[in-house]
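Okay, structure first, notes after.
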Amino acid sequence: MKILHLLSTIDPRAGGPTEGVRQSGVDMTSMGHEVEVVTLDDPAAPWLAAFPLTVHALGPSRGNYGLTPHLVPWLKSHATRFDAVIVNGLWQYHSYGAWKALRELDVPYYVFPHGMLDPWFRRTYPLKHLKKSLYWPWAEYRVLRDARRVLFTAEEERVLARQSFRLYRANEEVVAFGTNPPPAFSAPVRDAFLAAYPGLDGKRLLLFLGRIHEKKGCDLLVKAFAEIRDIDPSAHLVMAGPDSGEWTPTLQRLAGELGIADRITWTGMLLGDMKWGAFQASDAFILPSHQENFGIAVAEALGCGLPALISDKVNIWREVEADGAGFVASDTVAGTVASLRHWLELEPSLAAAMRTQARQTFHRRFTVEAMSKDLLRVLQAGAREGGGTVEKRPLTA
1 MKILHLLSTI DPRAGGPTEG VRQSGVDMTS MGHEVEVVTL DDPAAPWLAA
51 FPLTVHALGP SRGNYGLTPH LVPWLKSHAT RFDAVIVNGL WQYHSYGAWK
101 ALRELDVPYY VFPHGMLDPW FRRTYPLKHL KKSLYWPWAE YRVLRDARRV
151 LFTAEEERVL ARQSFRLYRA NEEVVAFGTN PPPAFSAPVR DAFLAAYPGL
201 DGKRLLLFLG RIHEKKGCDL LVKAFAEIRD IDPSAHLVMA GPDSGEWTPT
251 LQRLAGELGI ADRITWTGML LGDMKWGAFQ ASDAFILPSH QENFGIAVAE
301 ALGCGLPALI SDKVNIWREV EADGAGFVAS DTVAGTVASL RHWLELEPSL
351 AAAMRTQARQ TFHRRFTVEA MSKDLLRVLQ AGAREGGGTV EKRPLTA
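Residue numbers (UniProt numbering): 1 to 397.
What follows is the structure, given as structure tokens:
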């Protein structure tokens, strides 16, 4: 098949959607399929050269919405070369532009919301939600309504997506999502990470790896760690990830006020061997997120044999809990304290068994091969529907 992915950006700091497209695209290419990417990035963006797929950068775009005059004409001229177009994410121009260009072409398109319809955003940002509600009937609602399939990466995400807006119509399907298996354990890789942060050697590391963002529950993690600090004096929290909102100084002041500044290391974003070294040096992975669609870092942690201490707002929590691959609790300070306490007080034999189960859960549920095969199943089935044509819709909602 010839597949075209649309994203607002392929900046690696954007997280899961970019990484998912990169890994699944490489895997599908190895299977003989052709995969290309359209992005709203400036053609001079430094991260484009390292991306392993053919990229068409149609920016620079304007504002947070990513408006660019080049997207719709490009799609109208080139989309018919592809068997399927996949829109990754909502609320930026690439999704609405895809609808404008493709609704009258015989090219089926699919949408991955990537958690962007979660009602958490409505509750947390009511003013932003009000603006989205005014925009919704004329844009994103139509994007979803006319898609051949709207693809969710967990049943939990599919159910939650229906709760954000009253006007909602979508041909829903849940598909597998995953990531590449982590590299094999390497003492030099682990030791290089510890050498970069020498104060961590000999500590029992609890790793948070993700964006430093309110959504991720970083503040409640700091508060919870302060409550369990005395369970194991060697326990140490590693906060790894980019911070585009400059929240880190506030969190560091909070840690100082709670008397745990020397028990937390802030690494910034970790890439390549430094990221894998952090996983391999750690005792467990923790993500008390208020909203998390899939969590590629969770899957990577499981693949490294790290039990996942996650909130029940991470949409794969049911799988982690059912397999016994970690501990699940509410996205509160009390819930995070409970997960940390359970892990730190767990008998060594049970902890070893949970590490083994973490790896088994990854290989059974969350590999990129499973993701690629399931996505191809959906695309091939969609291509057979109606002889590959898309039903043309009126301009009314």
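Using N, Cα and C, we set each Cβ at its ideal position, and we do this for glycine too.
Boundaries (first-last residue) of the alpha helix (DSSP H) holding residue i
{"i": "residue 462", "result": "Limits of the chain in this structure are 1 at one end and 397 at the other, which puts residue 462 out of reach."}
{"i": "Glu300", "result": "296-303"}
{"i": "Val320", "result": "317-323"}
{"i": "Val26", "result": "16-30"}
Residue i classed as buried or exposed, judged by whether at least 16 other C-beta atoms fall within 10 angstroms
{"i": "Lys2", "result": "exposed"}
{"i": "Lys392", "result": "With a pLDDT of 39 at Lys392, under the threshold of 50, the modelled position of this residue cannot be trusted; read the value that follows with caution. Classification of Lys392: exposed, given that the 10 Å Cβ count is below 16."}
{"i": "Thr356", "result": "exposed"}
{"i": "Arg62", "result": "exposed"}
{"i": "residue 398", "result": "Any question about residue 398 goes unanswered here, given that the chain covers just 1 to 397."}
{"i": "Ile264", "result": "buried"}
{"i": "Gln291", "result": "buried"}
{"i": "Ile316", "result": "buried"}
{"i": "Ala255", "result": "buried"}
{"i": "Val189", "result": "buried"}
{"i": "Glu140", "result": "buried"}
{"i": "Gly97", "result": "buried"}
{"i": "Asn64", "result": "exposed"}
{"i": "Ile231", "result": "exposed"}
{"i": "Asp249", "result": "Looking at the sequence itself, residue 249 is Pro, so the reference to Asp does not match. Burial call: exposed."}
{"i": "Pro182", "result": "buried"}
{"i": "Ser234", "result": "exposed"}
Residue i vs residue j beta-carbon contact at 9 Å
{"i": "Ala154", "j": "Glu172", "result": "no"}
{"i": "Gly268", "j": "Pro307", "result": "no"}
{"i": "Val333", "j": "Asp312", "result": "no"}
{"i": "Phe279", "j": "Met239", "result": "no"}
{"i": "Ala281", "j": "Phe193", "result": "yes"}
{"i": "Arg148", "j": "Gly382", "result": "yes"}
{"i": "Val85", "j": "Leu6", "result": "yes"}
{"i": "Arg364", "j": "Glu156", "result": "no"}
{"i": "Leu117", "j": "Leu151", "result": "no"}
{"i": "residue 400", "j": "Phe121", "result": "The chain is shown from 1 up to 397; residue 400 falls before or after that span and cannot be answered."}
{"i": "Ala299", "j": "Thr179", "result": "yes"}
{"i": "Leu4", "j": "Glu36", "result": "yes"}
{"i": "Pro60", "j": "Asp41", "result": "yes"}
{"i": "Leu251", "j": "Ala284", "result": "no"}
{"i": "Met354", "j": "Gly335", "result": "no"}
{"i": "Val174", "j": "Ser95", "result": "no"}
Segment limits, beta strand (DSSP E) that includes residue i
{"i": "Val37", "result": "34-39"}
{"i": "His56", "result": "54-57"}
{"i": "Phe121", "result": "Phe121 -> not in any beta strand (DSSP E); alpha helix (DSSP H) instead, spanning 119-124."}
{"i": "Ala101", "result": "Per DSSP, Ala101 belongs to no beta strand (DSSP E); it is in the alpha helix (DSSP H), 93-102."}
{"i": "His78", "result": "Segment 71-78 is the alpha helix (DSSP H) holding His78; no beta strand (DSSP E) there."}
{"i": "Ile286", "result": "284-287"}
{"i": "Leu4", "result": "2-7"}
{"i": "Ser311", "result": "308-311"}
{"i": "Tyr109", "result": "109-112"}
{"i": "Ile86", "result": "84-88"}
Distance between residue j and residue i (C-alpha atoms, nearest Å)
{"i": "Pro46", "j": "Ala57", "result": "12 Å"}
{"i": "Pro394", "j": "Gln163", "result": "At Pro394, the pLDDT of 40 sits below 50, so the modelled position is not reliable; the number obtained from the coordinates is stated separately. Those two C-alpha atoms are separated by around 25 Å."}
{"i": "Arg166", "j": "Thr18", "result": "29 Å"}
{"i": "Pro198", "j": "Asp191", "result": "10 Å"}
{"i": "Arg185", "j": "Ala358", "result": "In the sequence as displayed, the identity of residue 185 is Phe instead of Arg. Looking at the two C-alpha atoms, the distance is approximately 15 Å."}
{"i": "Ala176", "j": "Gly259", "result": "43 Å"}
{"i": "Glu246", "j": "Asp374", "result": "38 Å"}
{"i": "Gln23", "j": "Ser30", "result": "11 Å"}
{"i": "Ala397", "j": "Tyr109", "result": "With a pLDDT of 39 at Ala397, under the threshold of 50, the modelled position of this residue cannot be trusted, and the question is left open."}
{"i": "Gly210", "j": "Ala297", "result": "7 Å"}
{"i": "Gly388", "j": "Thr80", "result": "Its pLDDT being 42, under 50, Gly388 is placed unreliably by the model, and the measurement read from it follows with that caveat. For Gly388 and Thr80, the distance between alpha carbons rounds to 11 Å."}
{"i": "Gln380", "j": "Asn88", "result": "18 Å"}
{"i": "His70", "j": "Trp99", "result": "14 Å"}
{"i": "Phe131", "j": "Ala352", "result": "Correcting the residue identity first, residue 131 is Lys in this sequence and not Phe. So the alpha carbons of these two residues sit roughly 49 Å apart."}
{"i": "Thr9", "j": "Ala50", "result": "14 Å"}
{"i": "Thr124", "j": "Ala187", "result": "43 Å"}
{"i": "Gly25", "j": "Trp138", "result": "31 Å"}
{"i": "Leu48", "j": "Thr39", "result": "10 Å"}
{"i": "Gly217", "j": "Met274", "result": "23 Å"}
{"i": "Leu134", "j": "Lys203", "result": "51 Å"}
> Where are the alpha helix (DSSP H) runs, 4 residues long or more, that stay fully inside the stretch 169-211, in chain order?
Replying inline: 187-196
> Whole alpha helix (DSSP H) runs in the stretch 329-377 with 4 or more residues, listed along the chain?
Replying inline: Those alpha helix (DSSP H) runs which fall completely within the stretch 329-377 and span 4+ residues are 333-344, 348-365.
>> Which runs of the alpha helix (DSSP H) at least 4 residues long sit entirely within the stretch 135-172? Give them in chain order.
In response: 140-145, 155-161
>> Runs of 3 residues minimum, wholly inside the stretch 206-278: which ones carry the beta strand (DSSP E) assignment?
In response: 235-240, 264-268
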